[in-house]
Amino acid sequence: MNATHEMIQVINLRKKFGRLVALDGVNLTVRRGQVIVIIGPSGSGKSTLLRCINHLETPTEGEIWIERQKITGNQRQLNAIRSQIGMVFQHFNLYPHLTVLENVTLAQRIVRKIPKSQAEAIAMHHLERVGIADKARFYPAQLSGGQQQRVAIARALAQDPKIMLFDEPTSALDPEMIKEVLDVMLNLAEEGITMVVVTHEMGFARAAADEVIFMDYGKIIERATPEVFFSQPAHERSRAFLSQIL
Ligand code: ADP
Ligand code: MG
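For what it's worth, this note's numbering labels the leading residue of the sequence shown as 332, then goes sequentially.
Spelled out as C-alpha cells, the structure:
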C-alpha cells in the first residue's frame, strides 16, 4: 500500500499511568477511508489508545503519525493537529446553556475565527447530515440522548476533520436511541470518512468495519475482517470475549 494512503500510524506505543501499563507496544496502521472497530474488555486500553491518537494523553513511548505528520513530540503544532481529528465520547459533553446551533458553531467561531453567519451555515449543513437541523434552536436538555449524541457528531464534523474517533458513542444511550446514532455513523462510513470506533455494537462492526481489532491487557491481540473475526476468531481470548457479548 502506498504510504500516502496511511492516515494514522501508531508505532510501538506504550502508555503508563504510574506503574500501570495501559498500552503495551501497540502498532496500528489506518488507511484513508478505512473504518476500524476496536473491541475488548473494560480496562484493555481502548480509550487510552484513542486519547493518545488525539493527543489527549501523552504517550510514554512510541510514535503517532497523522498522514505524514508526526504528532508525538510535536507540542507546537498540537492544536492544529487536534483540530484535524474529531472525537465523539460516550457522554456527549454539550454545553447546557448553549443552543444546539451555538454548540456546533462554538469551536469554529472561537478557534477558527469564522464569522457567525458562515459558521451557522456550516453548522446547519452538518446538523442536516445527522438529521437534526429542526432542533437547531433547542437546548440540549430539550433533546433525547440520541439526539444529543447526533449533535455531538455534527459538532465534530463541523471542524472538517480528517479522522473521526468514537469512544463507545452509544453506551450511555437507552436501547431505542442506539440505532439512530449508529445509522448516522454508518452513513459517515459509507461516505468514506476515516473512522476508528470503540464499540460493543457488533452489528455495527459487521456492517461498517473494514477491520475489527481485539485488544486485551494493552495489546492488540487480533486484527481481522469482521467476516473472519466473528466466524473464526484466531485467539482464545477473542473467542472468550465474543462468547460473553454475543
Ligand atoms: P478501556 O477503554 O479499554 O476500558 P482504558 O484505556 O480506559 O480502557 O484504561 C486502560 C487502563 O488504564 C485501565 O487499567 C485504566 O484504569 C487505566 N487508566 C486509564 N486512564 C487512566 C488515568 N488517567 N490515570 C490512571 N489510570 C488510567
Ligand atoms: Mg474506554
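Ideal Cβ positions, reconstructed from N, Cα and C, are used throughout, including at glycine.
Those residues that bring their Cβ nearer than 5 Å to a heavy atom of the ligand ADP are F348, A353, S373, G374, S375, G376, K377, S378, T379. Fewer than three beta-carbon pairs drawn from the region 498–505 and the region 448–465 are found closer than 8 Å, and the two stretches are therefore not classed as touching. For I441, the enclosing alpha helix (DSSP H) has its first and last residue at 431–441. Counting C-beta pairs closer than 8 Å gives fewer than three between the region 394–414 and the region 469–488, which falls short of the contact rule. D514 has its alpha-carbon roughly 30 Å from the corresponding atom of I445. Between V512 and N358, the alpha-carbon positions lie close to 29 Å from each other. DSSP, read as helix, strand or coil, puts E558 in helix. For L344, the enclosing beta strand (DSSP E) covers residues 337–348.
Here the region 422–440 makes no contact with the region 360–371; the two share fewer than three CB pairs at distances below 8 Å.
E558 and L344 have their C-alpha atoms some 28 Å from each other. For G477, the secondary structure class from DSSP, reduced to helix, strand or coil, is helix. Following the DSSP letters along the chain, one finds N385 in no beta strand (DSSP E), marked with neither H nor E.
Under the criterion of beta carbons closer than 8 Å, L354 and L496 do not qualify as touching, at roughly 15 Å.
In the three-state scheme derived from DSSP, where H, G and I count as helix and E and B as strand, E567 is classed as helix. Around the beta carbon of H386, 16 or more other beta carbons sit within 10 angstroms, so the residue counts as buried. When the Cα atoms are used, Q490 and Q415 turn out to be separated by approximately 7 Å. If you keep only unbroken beta strand (DSSP E) runs of at least 3 residues inside the region 468–528, you get 494–498. Looking only at K466, K493, M516, the smallest Cα-Cα distance to I484 is reached by M516.
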